[in-house]
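Worksheet: the structure to be examined is printed underneath.
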Amino acid sequence: MNQFTLAAVNFAWLPILPLIAVTLGAMVIMLVGPGIDDEDSAGLGLIALMTVLAAFVLTLFTLGENTLSFGGALALDDYSGFFELVILVATAVTIGMSLDYVADERIAGAEYYSLILFAALGMMLMATAGDLIIIFLGLETMSIAVYALVGFLRRDPRSSEAALKYFLLGAFSTGFLLYGIALVYGATGTIRLDPVRAAVATDMASNPLLLMGLGMMLIGFGFKVAAVPFHMWTPDAYEGAPTPVTAFMAVGVKVAAFAGFLRIFLVHLGPVSAQWSAVLWVLAVLTMSVGNLIALVQSNIKRMLAYSAIAHAGYIILGMAAASSHQAGGAILYYLLGYSFTTLGAFAVVIALERAGEARDRISDFRGLARTHPGLAAAMAIFMLSLAGVPPLAGFVGKFYLFSAALNAGLVWLVIIAALNSAISVYYYTRVIVEMYAREGNEIDVKRIGARPALLLSIVAGVAGTVLIGIFPQPYMGASASAFAAAAGRPALKTTAMLR
Amino acid sequence: MTPISYYLALSAILFAVGVAGVLIRRNVIVMFLAIELMLNAVNLALVALGRRIGSMDGQVIVFFVMTVAAAEAAVGLAIIISMFRNRDTVNADELNLLRW
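Chains as they are written, first to last, in my numbering: chain A, 1 to 500; chain B, 1001 to 1100.
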């Protein structure tokens, strides 16, 4: 019954070098870390940064490969390459904005930077997964590291509370995802993603095990990407976490979760898309509307950005509801790229305002920033306008591609609702700009940004990404489209389970 | 041989008990126990389905799930302790510093 066909297993080591590099870097930091005082943890941060840079270069070398490695457990294609690059950039920018923050808050640098790298490893694994086990392992490697990162300010009750809420709901959602994996395995007889697609392409559309599994996985991923009604943890976790970790969650965790979500649903469960696209329709409407409406009344910038992140997840789910058209897939990847740079930049500005032990995360703290720090204010204005979808920034172009792909798929009402939502969102994004440019009185004193070069670089990277991706969309759009096509276009393997 | 539906039904019941526990109980440690119950319900389903399908995958995933659950327990209990030191409570209803 159980013959092992080892001949079919192919080990391609070269394409997983980026993953190995990140792992080694995290281990080196754990080894040298204990000998270093918390005040001079910037050196550890630089090691982490070097690691990410090395992994980035290695990933560039692996682009263009299209192999299934380790018996199909890892899918190394341009899709995984694209997401790995986005995740590595997000990690690098997060480390950049952490350098001074970690030293100021007296956070233990060794643990902090190694956990960031381990979380990045989990994210990259999710992007490369060719197998339901790897999806699960990547998700957990990422999540467990991030649970700890959220609670890193141990003496701050808000940080512990955020970590506990995130942990409980995260572990709860993992249970659903895992149950979904078990049921899909039961229905299709395999955990490798390509055979899953081959299996569901036959007459599986009404298989009760498969449908239940689909629903359960949808709940699990819904939690991770913060889709309404599975979003309750998001604002609390984002507000309580140390701000660089919030940025990492808003970008890295979300991008990685979408990488797994898109690969499983659009690519491998694409043949039964009729069974789940209606659910995604509802999910998209709820997520966009609830996110945008609650964001209107927030007075805390981190909470406002949390609801904004929820709303943006809604736009992306709208793209997924357009089912497996390649156009929609490419548009989603492009949107995630633009969203990443913009959101990272916005959080970097929030960090620039903070002082050791003092959060300064109310929107009113931005009052008069344009007079005292015109550069910071201008950067924040660019990020807010991009999130609101004002041309020619990345956020606008992303929404344009996404909505037109959905229109082509015939989702007229969904696009109308999304456009209305986008109009609502302009109100709360411009509120920040109004505070900075039109209001005066009790400005807060901001530590000189020139003395914090890493943070400055993070903000500059955010601005550059937001503007360049928006003004010259063609190359990025092309890369996104071909990355998605690499995952969607691979001929499904006809062999079922490898170990059979 | 016991039909597979028995195992799947037991697994579904255990999973439902776990979900109910998370939703109803207010002590975070008990909620965490309920989550572990959910994971073990899935393990039962995986083993049963693996045997039915005749592939090793189902059994192999269970090892990974147990390992991950152990790691999750370590981090989770640490977070609960950190919470208890700050607030002197493990009651989920008293986690109310962060709210809109």
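Positions of the beta carbon are idealized from the N, C-alpha and C atoms, including for glycine.
- Could you tell me whether any Cβ in chain A is nearer than 8 Å to the Cβ of L1010(B)? By this cut-off, L1010(B) is not an interface position.
- Identify, in the order they occur along the chain, each residue of the same chain with its Cβ nearer than 6 Å to the Cβ of V285(A), setting aside the five sequence neighbours on each side. Around V285(A): I417.
- Message: Cβ closer than 7 Å: which chain B residues qualify as neighbours of I133(A)?
- Response: Within chain B, the residues near I133(A) are I1061 and F1064.
- Item | Environment of N421(A) [buried if 16+ CB atoms lie within 10 Å] | Its Cβ being crowded by 16 or more others within 10 Å, N421(A) is buried.
- Message: Does chain A have any CB closer than 8 Å to the CB of G1076(B)?
- Response: For G1076(B), the nearest beta carbon of chain A is closer than 8 Å to its own beta carbon.
- Query: For R367(A), is the classification buried or exposed, using 16 other Cβ atoms within 10 angstroms of its Cβ as the cut-off for buried?
  - Reply: Its Cβ being crowded by 16 or more others within 10 Å, R367(A) is buried.
- Any C-beta of chain B under 8 Å from that of F11(A): Not closer than 8 Å to any Cβ of chain B, the Cβ of F11(A) fails to qualify, so no.
- Task: Using a cut-off of 7 Å between C-beta atoms, extract the partners of R1087(B) located in chain A.
- Result: Annotation: Cβ neighbours of R1087(B) in chain A (cutoff 7 Å, chain order): P157.
- Is L512(A) helix, strand or coil when you go by DSSP? Outside the displayed span of chain A (1 to 500) sits residue 512(A), for which this structure offers no information.
- Is the beta carbon of L1049(B) less than 8 Å from the beta carbon of A182(A)? Cβ atoms of L1049(B) and A182(A): closer than 8 Å.
- Nearest residue (CA-CA) to L88(A), options V102(A), T51(A), F61(A) and I16(A): Residue nearest to L88(A) within the set V102(A), T51(A), F61(A) and I16(A) is T51(A) (criterion: CA-CA distance).
- Query: Out of curiosity, what's the CA-to-CA distance linking L1077(B) and A227(A)?
  - Reply: Going by the C-alpha atoms only, they are around 27 Å apart.
- Message: Between the stretch 104-123 of chain A and the stretch 57-69 of chain A, can you find at least three pairs of beta-carbon atoms closer than 8 Å?
- Response: No: fewer than three Cβ pairs fall under 8 Å.
- Message: Would V1030(B) pass as an interface residue toward chain A - the criterion being a Cβ-Cβ separation below 8 Å?
- Response: So no, V1030(B) is outside the interface.
- Task: List the residues of chain B that G151(A) touches, going by C-beta distances under 7 Å, in chain order.
- Result: At a C-beta separation below 7 Å, G151(A) has these neighbours in chain B: I1079 and S1082.
- Integer Cβ distance of G291(A) from I310(A), believed to fall under 8 Å: Under the criterion of beta carbons closer than 8 Å, G291(A) and I310(A) qualify as touching, at roughly 3 Å.
- Message: Check whether chain A comes within 8 Å of M1001(B), counting only Cβ atoms and requiring the distance to be less than that.
- Response: Not closer than 8 Å to any Cβ of chain A, the Cβ of M1001(B) fails to qualify, so no.
- Message: Does chain A have any CB closer than 8 Å to the CB of A1045(B)?
- Response: By this cut-off, A1045(B) is an interface position.
- Message: Am I right that I1079(B) and F383(A) are in contact with their C-beta atoms under 8 Å? What's the rounded C-beta distance?
- Response: The Cβ separation is near 31 Å, so there is no contact.
- Please decide whether S160(A) counts as near chain B, where near means a Cβ-Cβ distance under 8 Å. The beta-carbon of S160(A) is placed less than 8 Å from the nearest beta-carbon of chain B.
- Query: Exposed or buried, what is I294(A) when buried is set at 16 or more other beta-carbons lying within 10 Å of its beta-carbon?
  - Reply: With a 10 Å radius around the Cβ and a threshold of 16 neighbouring Cβ atoms, I294(A) comes out buried.
- Item | Nearest-angstrom Cα separation, counted from V146(A) out to G240(A) | In this model, G240(A) and V146(A) are separated by some 13 Å (Cα to Cα).
- Query: For S308(A) versus L387(A), is the C-beta distance shorter than 8 Å?
  - Reply: Result yes, Cβ atoms of S308(A) and L387(A) sit closer than 8 Å.
- Does V1022(B) get closer than 8 Å to chain A when you measure Cβ to Cβ? So yes, V1022(B) belongs to the interface.
- Determine, using beta carbons only, whether Y79(A) and A438(A) come nearer to each other than 8 Å. In this structure, A438(A) does not lie closer than 8 Å to Y79(A) by Cβ.
- Residues bridged to T67(A) by DSSP? L76(A), per the DSSP bridge assignment.
- Task: Return no unless some Cβ of chain B is closer than 8 Å to the Cβ of A7(A).
- Result: Only weak support exists for where A7(A) lies, its pLDDT of 48 falling under 50; the value from the coordinates is given anyway. So, not an interface residue.
- Query: Quick one: is D77(A) buried, meaning 16 or more other Cβ sit within 10 Å of its Cβ, or exposed?
  - Reply: D77(A) is buried by the Cβ-count criterion.
- Item | Inter-residue spacing [alpha-carbon to alpha-carbon] between A379(A) and H373(A) | Our two residues, A379(A) and H373(A), have alpha carbons roughly 10 Å apart in a direct line.
- Task: Would you identify the three-state DSSP class for N1086(B), choosing helix, strand or coil?
- Result: It is helical.
- Can you grab the Cα-Cα spacing for the pair F172(A) / F223(A), in whole Å? Those two C-alpha atoms are separated by around 9 Å.
- Which bits of chain B does A163(A) rub up against, with CB to CB less than 8 Å? Neighbours of A163(A) on chain B, chain order: I1079, S1082 and M1083.
- Message: Could you check whether the stretch 202-221 of chain A touches the stretch 121-130 of chain A, counting it as contact only if at least three pairs of C-beta atoms, one from each stretch, sit closer than 8 Å?
- Response: The stretch 202-221 of chain A vs the stretch 121-130 of chain A: no contact.
- Query: Are at least three pairs of beta-carbons, each pair with one atom in the stretch 242-259 of chain A and one in the stretch 348-355 of chain A, less than 8 Å apart?
  - Reply: Yes: the two stretches touch, three or more of their Cβ pairs being nearer than 8 Å.
- Message: Taking the alpha helix (DSSP H) that H373(A) belongs to, which residues open and close that run?
- Response: For H373(A), there is no enclosing alpha helix (DSSP H), as DSSP marks it with neither H nor E.
- Which class does R155(A) belong to by DSSP, given the choice of helix, strand or coil? If DSSP states are grouped into helix, strand and coil, R155(A) belongs with coil.
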